[in-house]
Every structure is written in C-alpha cells, then in structure tokens.
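A.B. asks: Numbering-wise, this note's numbering comes out as the position in the sequence shown, counting from 1, plus 98.
For every residue, glycine included, the Cβ atom is placed at its ideal position computed from N, Cα and C.
Here it is, the structure in full.
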Amino acid sequence: MHHIQFREIMRDAEVAHAIYPIVLKYHLSVEDTTKALLACGVSRAANVALIITGILRSIDLPSL
Numbered sequence: 099m100h101h102i103q104f105r106e107i108m109r110d111a112e113v114a115h116a117i118y119p120i121v122l123k124y125h126l127s128v129e130d131t132t133k134a135l136l137a138c139g140v141s142r143a144a145n146v147a148l149i150i151t152g153i154l155r156s157i158d159l160p161s162l
C-alpha cells in the first residue's frame, strides 16, 4: 500500500514539475490549474495543483 501511495505522490510531483513554468508564467490559481489538469485528463489534478501552490509559496520573491 505504501509503495502505491509513494508512486502516486512521485507522479504528482513529476507532473507539477513539468507544468510549473506555465503556472508561474500565467499566474494560474489552484482552481484554474485544477480545471486545466482535469480538462487534460490528469488524475489527482487537485493534488498536483496543491504541490505547485506549495512550491510557489516557498519562493522568497524579494531574494530573486
């Protein structure tokens, strides 16, 4: 069971990593990202969108 959950989390993280530049460029919200991922047929779209939100929140913009 834990192996399945780990693989799902890793897959979600890979999808989030792949679409992160687009989300950042177009300033997409969690809701917009989730809707776009669902339209593309991505399973666990809400989890992927939350991973991206966590990445964006961890960036310290003044230090860029």
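State buried or exposed for residue 159, treating a residue as buried only when at least 16 other CB atoms are found within 10 Å of its CB.
C.D. replies: With a pLDDT of only 47 at residue 159, under 50, the local geometry of the prediction cannot be trusted, and the value read off the model is given with reservation. Label assigned to residue 159: exposed.
A.B. asks: What are the boundary residues of the alpha helix (DSSP H) that includes residue 125?
C.D. replies: No alpha helix (DSSP H) holds residue 125; DSSP gives it neither H nor E.
A.B. asks: Closer than 8 angstroms is the cut-off here; do at least three beta carbon pairs connect the region 108-127 with the region 139-146?
C.D. replies: Because the criterion of three Cβ pairs below 8 angstroms is met, the region 108-127 and the region 139-146 touch.
A.B. asks: Who are the Cβ neighbours of residue 109 in its own chain at under 6 angstroms, not counting the five residues just before and after it?
C.D. replies: none
A.B. asks: What's the C-alpha gap between residue 141 and residue 123?
C.D. replies: 23 angstroms
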